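Asker: I have a structure I would like to understand better, so I am pasting it below and will then ask my questions one at a time.
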Amino acid sequence: MPPKALELGLACFCLPLCSHQFGKKLFFRRFLLELFPVQRSWLWAAFGGLATAAAFAAFHYSYMYPSTFVLLGVLGLIFAWVRIRSGTLWAPILLHAVAAVTGLLLNLLR
2 MPPKALELGL ACFCLPLCSH QFGKKLFFRR FLLELFPVQR SWLWAAFGGL ATAAAFAAFH
62 YSYMYPSTFV LLGVLGLIFA WVRIRSGTLW APILLHAVAA VTGLLLNLLR
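In my numbering, the protein residues as written are 2 to 111.
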């Protein structure tokens with residue numbers, strides 16, 4: 002089995018069962034982002050980042066406010082940029098965890 006097919010299968014299995022941080026990052030930042038040759042040029046990196054950010058925002062369809070989708074799209078773009086620049090999944094996983102905790106804390110404070 003090719004490594005990408007194995008990773009896609011793992012992402013599809015991990016997404017509902019494992020921590021959503023790891024499963025989503027594996028799917029969006031490893032499998033989907035690598036469909037684009039992001040290391041070739043900044044244009045491919047921008048296109049791949051925008052495409053995966055849009056998919057990331059669309060994945061969160063349960064939110065009802067349009068502003069939430071815009072925020073999720075911006076966060077998805079930041080996560081993609083961090084993944085491309087760092088070359089590792091751990092940086093966007095940590096950043097996503099920080100964003101989730103920040104959101105929870107802000108929700109508790111209002």
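Even for Gly, the Cβ is constructed at its ideal location relative to N, Cα and C. These figures come from a predicted structure and were not determined experimentally.
Could you give the first and the last residue of the continuous alpha helix (DSSP H) run that contains L106?
Answerer: Run containing L106: 91-110, per the alpha helix (DSSP H) assignment.
Asker: Which of the three DSSP states is assigned to F32 in this structure?
Answerer: F32 falls in the helix class under three-state DSSP.
Asker: Would you kindly work out how many angstroms separate the C-alpha atoms of L90 and F37, rounded to a whole number?
Answerer: In a straight line, the C-alpha of L90 is about 16 Å away from that of F37.
Asker: On the premise that P93 lies in contact with V83, defined as a C-beta separation below 8 Å, what is that separation, rounded to the nearest angstrom?
Answerer: That belief holds up - the Cβ atoms of V83 and P93 are roughly 5 Å apart, short of 8 Å.
Asker: Between the Cα of L73 and those of L51, L44, L106, spot the shortest distance and give me the residue it belongs to.
Answerer: Checked all of L51, L44, L106; the closest Cα to L73 is L51.
Asker: Take the Cβ of L18 as the centre, count every other Cβ of all protein chains shown within 10 Å, and call the residue buried at 16 or more, exposed below.
Answerer: Here L18 scores only 46 on pLDDT, less than 50, and its place in the model should not be relied on; the value that follows carries that caveat. It counts as exposed.
Asker: Taking DSSP as the reference, what is the three-state secondary structure of V83?
Answerer: V83: helix per DSSP, three-state reduction.
Asker: With DSSP run on the structure shown, which of helix, strand or coil describes P38?
Answerer: Three-state DSSP puts P38 in coil, outside helix and strand.
Asker: Measure the C-alpha to C-alpha separation of R30 and S68 and round it to an integer number of angstroms.
Answerer: The alpha-carbon atoms of R30 and S68 are separated by roughly 23 Å.
Asker: Do I85 and V39 count as a contact pair if the criterion is CB distance below 7 Å?
Answerer: The answer is yes: Cβ separation under 7 Å.
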